[in-house]
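Student: My questions all concern the structure below.
In our numbering, the protein residues as written are 396 to 690.
As structure tokens, this is what we get:
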């Protein structure tokens with residue numbers, strides 16, 4: 396147990412990049428945190444944190460070790476939860492697309508908390524491709540993601556089973572292209588006058604769909620501005636120089652001004668993905684909550 400506590404201290408310092416901040420979060424004295432770090436580094440035989448005055452940065456070894464430390468702590472908690480038959484409080488690590496986190500998860504996570512207040516939830520957001528990798532590697536327990544319709548309809552879809560994942564349909568999203576109003580009542584894709592697309596970084600399914608519909612890869616005049624959030628994308632569209640693609644469910648939560656027009660594109664299914672055979676009591680509770688939420 397002592398070793399796991401040292402791992403917990405290291406992870407906290409790595410996230411805070413401050414002994415004082417980590418000590419405050421952990422309820423320990425700074426000297427206790429420092430001693431544990433020094434003993435951990437001595438036992439491993441390498442420097443995990445680079446001291447920079449009163450702050451820290453991760454060494455190359457520390458960056459690698461952090462990923463393993465987080466997984467070991469998560470596996471320990473999962474083990475205690477499973478062997479107790481769910482009597483020990485569990486925690487679930489969920490990944491999600493930004494859109495799903497904004498428009499769908501608040502209601503689901505509130506229902507999960509109401510039914511199982513003893514369980515914890517860690518939530519991170521990433522593009523769908525990265526979420527697939529994170530689920531496969533065990534970095535997260537499950538993820539809400541989308542797979543492009545063009546992929547589902549292609550021969551590559553037959554190879555999906557090699558991923559070692561299971562999927563459950565969750566929500567059907569209607570994607571819309573948001574672009575500056577050019578005074579046409581019912582505009583189509585040919586009426587889009589701008590040649591700049593605001594989108595998430597590569598790996599985002601919605602970006603890929605937008606590029607396919609607009610023919611971005613084949614047309615050199617198109618530029619893609621990578622953006623960190625839908626708020627930024629919509630703000631860029633409001634400048635009159637960009638188009639962007641987002642689910643209608645997200646669009647309805649943003650209330651953009653009237654100088655924008657929407658063109659319906661297609662429907663895309665958001666799926667919950669998890670590793671085959673992964674079946675802890677807390678994850679079963681989460682899937683049951685999802686089933687009830689969708690009923």
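Glycine included, each C-beta is placed from N, C-alpha and C at the ideal position.
Of the residues 593, 572 and 596, which one's Cα is nearest the Cα of residue 585?
Tutor: What you label residue 585 is simply residue 190 of the chain shown in a count that begins at 1. That would be 572, whose Cα lies nearest to the Cα of residue 585.
Student: Which residues share a DSSP beta bridge with residue 563?
Tutor: Indexing the chain shown from 1 puts residue 563 at position 168. Residue 563 pairs with 667.
Student: As an exercise, report each continuous alpha helix (DSSP H) stretch of at least 4 residues that is fully enclosed by the stretch 454–539, in chain order.
Tutor: 455–478, 493–498, 500–510 and 523–532
Student: Please state whether DSSP places residue 650 in a helix, a strand or coil.
Tutor: One-based indexing of the chain shown puts residue 650 at position 255. For residue 650, the secondary structure class from DSSP, reduced to helix, strand or coil, is coil.
Student: Are there 16 or more other CB atoms within 10 angstroms of the CB of residue 559, so buried, or fewer, so exposed?
Tutor: Residue 559 sits at position 164 when you count from the first residue of the chain shown. Residue 559 is exposed by the Cβ-count criterion.
Student: Spatial neighbours of residue 688 within its chain, please: CB distance less than 6 Å, with the 5 preceding and 5 following residues excluded, ordered by chain position.
Tutor: Taking the chain shown and counting its residues from 1, the one referred to as residue 688 is at position 293. Here the set comprises 503 and 506.
Student: Is it right to say residue 625 is buried, meaning 16 or more other beta carbons lie within 10 angstroms of its own, or is it exposed?
Tutor: Translated into positions along the chain shown, residue 625 becomes position 230. Residue 625 should be labelled buried.
Student: How many Å lie between residue 419 and residue 402 at the Cα?
Tutor: By one-based count along the chain shown, residue 419 stands at place 24. By one-based count along the chain shown, residue 402 stands at place 7. Roughly 17 Å between the two C-alpha positions.
Student: According to the Cβ coordinates, are residue 529 and residue 578 closer than 7 Å?
Tutor: Position 134 of the chain shown, counted from the first residue, corresponds to residue 529. Position 183 of the chain shown, counted from the first residue, corresponds to residue 578. Taking 7 Å as the Cβ cut-off, residue 529 and residue 578 do not qualify as a contacting pair.
Student: Just how far apart, CA to CA, sit residue 534 and residue 466?
Tutor: In the chain shown, counting from the first residue as 1, residue 534 sits at position 139. In the chain shown, counting from the first residue as 1, residue 466 sits at position 71. Computed Cα separation, rounded: 7 Å.
Student: So, residue 593 versus residue 634, is the Cβ gap smaller than 7 Å?
Tutor: Residue 593 sits at position 198 when you count from the first residue of the chain shown. Residue 634 sits at position 239 when you count from the first residue of the chain shown. No, Cβ-Cβ distance for residue 593 and residue 634 is not below 7 Å.
Student: Mapping the DSSP letters down to three states, classify residue 688 as helix, strand or coil.
Tutor: Counting from one through the chain shown, the residue named residue 688 turns up at place 293. When DSSP states are grouped into helix, strand and coil, residue 688 belongs to the helix group.
Student: My parser needs the beta strand (DSSP E) runs of 3 or more residues fully inside the stretch 590–668; what are they?
Tutor: 591–594, 618–621 and 638–642
Student: Can you tell me the Cα-Cα spacing of residue 450 and residue 412, whole angstroms?
Tutor: As a position in the chain shown, residue 450 is number 55, starting the count at 1. As a position in the chain shown, residue 412 is number 17, starting the count at 1. Rounded to whole angstroms, residue 450 to residue 412 spans 6 Å at the Cα level.
Student: Just the Cα atoms here: how many angstroms apart are residue 416 and residue 408?
Tutor: For the purposes of this step, residue 416 is taken as residue 21 along the chain shown, with counting starting at 1. For the purposes of this step, residue 408 is taken as residue 13 along the chain shown, with counting starting at 1. Residue 416 and residue 408: Cα-Cα distance of roughly 8 Å.
Student: Where does residue 588 sit, in a helix, a strand or coil, going by DSSP?
Tutor: Residue mapping note: residue 588 aligns to position 193 of the chain shown, counting from 1. The answer is coil: DSSP assigns residue 588 none of H, G, I, E or B.
Student: Determine, using beta-carbon pairs with one atom in the stretch 492–499 and one in the stretch 645–653, whether at least three such pairs fall under 8 Å.
Tutor: yes
Student: With a threshold of 16 other CB atoms inside 10 Å of the CB of residue 436, please say whether the residue is buried or exposed.
Tutor: For the purposes of this step, residue 436 is identified with residue 41 of the chain shown, where counting begins at 1. Classification for residue 436: buried.
Student: When DSSP labels each residue in this structure, what does residue 452 get in the three-state scheme?
Tutor: Taking the first residue of the chain shown as position 1, residue 452 is located at position 57. Note: residue 452 maps to strand in three-state DSSP.
Student: Which same chain residues, not among the five before or five after residue 441, have their C-beta less than 6 Å away from its C-beta?
Tutor: On the chain shown, position 46 is the one that residue 441 refers to. Closer than 6 Å at the Cβ level, and outside the excluded window around residue 441, lie 456.
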